[in-house]
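The structure appears below as structure tokens.
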């Protein structure tokens with residue numbers, strides 16, 4: 005089966021490589037010629053565990069190809085996937101300009117029946133707008149070529165995207181015709197051997213499902229952070245509380261981990277887009293508005309803890325472990341680390357940072373406003389306080405005696421509750437955690 009995927013970002017490249025791994029012939033398309041040339045040479049533009057090997061293997065096998073032209077590819081494929089970015093605009097709405105551009109290119113290129121599958125995260129109702137754009141373009145061409153549409157939202161976790169794609173909990177597909185349904189069934193049939201479900205529905209419901217899923221996960225994060233903050237005020241221990249409530253089968257333990265807020269390219273953008281969709285229809289998403297409000301405030305929690313223990317931060321040296329918004333990625337979009345660094349720098353303190361993967365990305369975003377460490381121990385040398393922001397595995401078991409010897413202060417702010425507080429206290433380090 006031959007397919008094309010427009011957009012070689014996180015979603016497009018992972019999807020293309022995984023479909024190719026299952027035997028499909030995939031052409032990944034992007035208007036960025038330099039990126040395409042680099043991909044042909046095996047240079048991967050994003051960090052995702054296992055993706056490098058997957059791409060190279062399928063390129064070598066002749067199943068994965070790269071191009072800058074949809075028109076040159078479209079006659080040989082059964083479906084075109086739109087996987088371009090939809091970043092937030094200045095008002096927090098999803099910027100659909102790239103999606104609309106793909107729709108116009110699709111309409112100008114097709115010569116026979118084809119299917120356009122929207123894999124980009126788009127607000128509810130976008131596919132209807134895309135259909136209208138395609139029909140308008142065909143009218144300009146003075147042609148009436150049949151086509152169908154589908155919505156196939158992605159649910160990939162950065163850092164575990166390949167596993168999520170190859171063995172997902174479910175695949176959601178919205179269709180507006182039987183031909184689209186049949187093509188999507190054939191494409192995903194090899195994955196059914198792993199016993200997961202393909203859930204077919206109408207396109208509008210598929211679009212809503214993506215936002216509803218992310219909103220629920222974000223809600224759980226903000227909920228447990230709200231509970232953690234109250235635990236800290238009352239003397240309760242949120243780690244005990246979350247384990248007890250998570251043991252309830254109706255609740256479960258996933259995404260009930262207190263911390264310093266969520267970031268990344270998905271949750272913040274999708275929460276804001278869902279709120280705006282509600283407003284467009286005259287409805288306030290009151291729970292989701294609160295989720296966003298709690299999260300934005302939670303991003304300042306580590307700064308407030310530094311202030312509580314150190315008072316003025318002027319002339320203080322603060323070490324930060326972890327910059328990416330989560331482990332196993334170099335993605336720093338809306339990361340809590342950026343909020344923390346901004347708060348600290350306002351007080352004329354110096355900041356030294358270390359992240360196993362995101363240092364290059366940090367240099368693009370932070371420039372020379374911070375100092376970049378060689379490793380975790382170089383990071384804490386002469387520091388008045390250490391702040392753990394991202395829970396990378398290599399941060400879990402440091403040599404604390406070495407850390408204490410290198411630091412000039414004793415404060416350790418654990419923004420993800422991964423350290424043994426009793427152990428640190430016994431060594432003379434003051435460990436401050438979230439909600440305990």
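Residue numbers (the numbering used here): 5 to 440.
All C-beta atoms in this analysis are idealised placements derived from N, C-alpha and C, irrespective of residue type, glycine included.
Check	Outcome
Per-residue DSSP class, three states only, for residue 327	coil
Those runs of the beta strand (DSSP E) which lie wholly inside the segment 167 to 201 and span at least 3 residues	174 to 179
Reduced DSSP secondary structure (H/G/I, E/B, other) of residue 29	strand
Minimum C-alpha distance to residue 224 - residue among 13, 408, 240 and 271	271
Identity of the residue in 49, 119 and 125 nearest residue 90 by Cα	125
Meets three-Cβ-pair contact criterion under 8 Å: the segment 163 to 173 and the segment 124 to 144	no
Exposure of residue 149, with buried meaning 16 or more beta-carbon neighbours within 10 Å	exposed
Three CB pairs or more closer than 8 Å across the segment 328 to 337 and the segment 263 to 270	yes
Reduced DSSP category for residue 376 - H, G, I as helix; E, B as strand; rest coil	strand
Sequence-distant residues of the same chain with beta carbon closer than 6 Å to residue 50, five excluded per side	14
Where residue 276 falls, given that 16 or more other Cβ within 10 Å makes a residue buried	buried
CA-to-CA distance, residue 428 to residue 287, given in whole angstroms	49 Å
Which of helix, strand or coil DSSP assigns to residue 209	helix
Buried/exposed call for residue 45, threshold 16 Cβ in 10 Å	exposed
Among 227, 226 and 361, the one whose alpha carbon lies nearest that of residue 163	361
Reference residue 194, options 222, 421, 23 and 354, closest by Cα	23
Sub-8 Å separation of residue 403 and residue 323 beta-carbons	no
Selected residue, minimal CA-CA separation from residue 240, among 438, 29 and 34	438
Continuous alpha helix (DSSP H) stretch holding residue 243: start and end	242 to 250
Contained beta strand (DSSP E) runs [length at least 3] in the segment 89 to 166, N- to C-terminal order	118 to 122 and 151 to 155
Residue from 310, 80 and 183 whose Cα sits closest to the Cα of residue 393	310
Residues sharing a beta bridge with residue 68, DSSP	30
Residues bridged to residue 416 (per DSSP)	390 and 435
C-alpha gap between residue 123 and residue 158, whole angstroms	6 Å
First and last residue of the uninterrupted beta strand (DSSP E) at residue 269	That residue, residue 269, is in no beta strand (DSSP E); it is neither H nor E in DSSP.
Reduced DSSP category for residue 352 - H, G, I as helix; E, B as strand; rest coil	coil
Paired residues, beta bridge with residue 203 - DSSP	176
Reference residue 113, options 120, 242, 74 and 296, closest by Cα	74
Cross-strand partners of residue 6 (DSSP beta bridge)	29
Cβ separation of residue 417 and residue 317, assumed to be a contact under 8 Å, to the nearest whole Å	Not quite, the Cβ-Cβ distance comes to about 12 Å (not below 8 Å), so this is no contact.
Where the alpha helix (DSSP H) containing residue 426 begins and where it ends	425 to 430
Proximity winner among 216, 397, 405 and 243, relative to residue 1 (alpha-carbon distances)	Because the chain spans 5 through 440 in this model, residue 1 falls outside it and cannot be assessed.
Same chain, Cβ closer than 8 Å to residue 251, five either side skipped, listed in chain order	257
From 374, 283 and 421, residue whose alpha carbon lies closest to that of residue 356	374
Straight-line gap, residue 65 to residue 433 (C-alpha atoms, nearest Å)	54 Å
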